[in-house]
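**Student:**
Protein chains: 2
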Amino acid sequence: MEGIVNNVEVSIMEKRLAKYAKALGHPVRIQILNILNQQSCCFNGYLTEIIPFAKSTISQHLKSLKEAGLIQGEIMPPKIRYCLNKDSWEEAQQLFKNLFNSQKL
Amino acid sequence: MEGIVNNVEVSIMEKRLAKYAKALGHPVRIQILNILNQQSCCFNGYLTEIIPFAKSTISQHLKSLKEAGLIQGEIMPPKIRYCLNKDSWEEAQQLFKNLFNSQKL
DNA sequence: TATATCTATCGTAATTTCACGATATAAAAA
DNA sequence: TTTTTATATCGTGAAATTACGATAGATATA
């Protein structure tokens, strides 16, 4: 019998978690977040000096972290200072925690 | 001065975490892991019934979770039962925890 | 005003991801 | 043995990701 199909739509929370996870899904972005998390903020220049990739590549990674909401950039001409977005960071932390604790998302 | 450049290579742990995060970076895969985490194991058939995507698509997602080491499949002909890989799951949990606690990776 | 500095964006090429239907495989059931 | 069932794999196309150098923009500094 082809009866009732329980199509369980992906929940909003699952989508949010996936979005955060995707943003964390590259070693360079992990490294950036690690640095920001240890010293709260830092200048783009510091990142491009430390991370062995082209500046444009690092800009791109910063952009995807920004689009995921995990970081924000503050313009301090001519430099740009990046910081964690504390609210999103904490939301992400909570969502991952719930996942691993098998709380219903 | 173009002096010493502190190329801080991405660490092994950052790579492992990125690998896990990437595997978590899709809503369907989060949903699958959520189910497996709540009931420990389940049959592929249950997933394909519940998740509104083609069976081949779900197989693909299961494959990427398997390749990331997060799950394993046990053949129980003609069905296949998927379970979390407990070791990897716990390693991932620890790595995410460390990230958010800003422990050095 | 002209120049230097810092960063973002553009254009591009190679690769990967995502979704699908069709096909293949392997074991149970008829 | 043939058929059914359950799942994986193949082939495909569209879209996204990743890396780069070149270019552009905005603000200090000379």
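Going down the list, the protein sequences come from chains A and B. Add 23 to a position in the first sequence, counting from 1, and you land on the number used in the numbering used here. Add 23 to a position in the second sequence, counting from 1, and you land on the number used in the numbering used here. Glycine is no exception: its CB is placed at the ideal position from the N, C-alpha and C atoms.
1. Mapping DSSP to helix, strand and coil, what is Leu-118 of chain B?
2. Applying a beta-carbon distance threshold of less than 8 Å, which residues of chain B neighbour Glu-37 of chain A?
3. Could you tell me which of B:Ile-53, B:Gly-68, B:Gln-54, B:Met-36 sits nearest to Pro-100 of chain B, measuring between CA atoms?
4. How would you call Lys-102 of chain A, buried or exposed, if buried means at least 16 neighbouring beta carbons within 10 angstroms?
5. Between the beta-carbon of Cys-65 of chain B and the beta-carbon of Leu-59 of chain B, is there less than 8 Å?
6. Suppose you measure from the CA of Ile-35 of chain A to the CA of Ile-74 of chain B; what does that come to, to the nearest Å?
7. For Ala-91 of chain A, would you say it is in contact with chain B, using Cβ-to-Cβ distances shorter than 8 Å as the test?
8. Beta carbon of Arg-104 of chain B, beta carbon of Glu-97 of chain B: below 8 Å?
9. Just confirm the distance between the C-beta atoms of Leu-47 of chain B and Ala-44 of chain A, as a whole number of angstroms; I'd bet it's less than 8 Å.
**Tutor:** On the basis of the data shown:
1. DSSP places Leu-118 of chain B in helix when its eight states are reduced to three.
2. The contacting residues are Pro-50, Ile-53, Gln-54, Asn-57.
3. With distances taken between Cα atoms, Pro-100 of chain B lies closest to B:Gly-68.
4. The residue is exposed, with fewer than 16 neighbouring Cβ atoms inside 10 Å.
5. Contact: yes.
6. Distance between the alpha carbons of Ile-35 of chain A and Ile-74 of chain B is about 15 Å.
7. By this cut-off, Ala-91 of chain A is not an interface position.
8. In this structure, Arg-104 of chain B sits near Glu-97 of chain B, with a CB-CB distance shorter than 8 Å.
9. Indeed they touch by this definition, with Cβ atoms about 4 Å apart.
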